[in-house]
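> Just dropping this structure here.
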Amino acid sequence: MMWSTEETVETSASRDAVWEAVRDLHTGDLTYPGADRFELHGPFAVGTELTAVPEGQEPIRSRIIELEAGRTYADVTEFGDVRLTFRYDLGDRAEGTVVRYSLTIDGTGAEAVGPELGPQISADFPASLAALVGEAERRAASLDDDARLDA
Numbered sequence: 041m042m043w044s045t046e047e048t049v050e051t052s053a054s055r056d057a058v059w060e061a062v063r064d065l066h067t068g069d070l071t072y073p074g075a076d077r078f079e080l081h082g083p084f085a086v087g088t089e090l091t092a093v094p095e096g097q098e099p100i101r102s103r104i105i106e107l108e109a110g111r112t113y114a115d116v117t118e119f120g121d122v123r124l125t126f127r128y129d130l131g132d133r134a135e136g137t138v139v140r141y142s143l144t145i146d147g148t149g150a151e152a153v154g155p156e157l158g159p160q161i162s163a164d165f166p167a168s169l170a171a172l173v174g175e176a177e178r179r180a181a182s183l184d185d186d187a188r189l190d191a
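Set out below in structure tokens:
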């Protein structure tokens, strides 16, 4: 069995700007209020483990399972017979980017724990995604300002 949820937002920021924010968050180079803190244990690549520390909680060990620069990032955390997969998918829109952030809980225990655990974990998805996209937009605006100053 499986449980899943997703949050989708659109932003005027480019896919590259959003990707940089996703990458920097997961490498520990970006933090903002409410964000999990991450520590990467190796290169930013499939197979590398990372430690996530959700605000006010114990550290969680995860592993990067999918990585396509500018498009997709996914990591998995395993607890016994339950697996939590967090995933970002970035797509183009007319002016900017569509960002989809999802959580899938699967494994033999997912049917029992997913309906309770999933909503607890994903309750902050709207705020978290808004903050991440806001960071990408802030960075993009800063680059635009720097380009105007250089012109």
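Each residue of the sequence shown is one higher than the one before, starting from 41 at the first, in our numbering.
C-beta: ideal position from N, C-alpha, C; glycine also.
#1: Restricting to Cα atoms, I'd like to know which of Ala53, Val49, Glu47 is closest to Ser182.
#2: How big is the Cα-Cα spacing for Leu157 and Glu135?
#3: If you reduce the DSSP assignment to three classes, tell me which class Val153 lands in.
#4: Near Pro166, which residues of its chain fall below 6 Å by C-beta distance, leaving aside the five closest residues on each side in sequence?
#5: Confirm, please, whether the CB-CB distance from Gly147 to Arg179 is below 7 Å.
#6: Of the residues Glu98, Tyr113, Leu90, which one's Cα is nearest the Cα of Val58?
#7: In the DSSP assignment, find the alpha helix (DSSP H) that holds Ala134 and state where it starts and stops.
Taking the coordinates as given:
#1: Ser182 has its Cα closest to that of Ala53, out of Ala53, Val49, Glu47.
#2: Leu157 and Glu135 have their alpha carbons spaced roughly 36 Å apart.
#3: If DSSP states are grouped into helix, strand and coil, Val153 belongs with the helices.
#4: Glu47
#5: no
#6: Distance check between Val58 and each of Glu98, Tyr113, Leu90 places Tyr113 closest, using alpha-carbon atoms only.
#7: Looking at the DSSP string, Ala134 is not in any alpha helix (DSSP H), and its letter there is neither H nor E.
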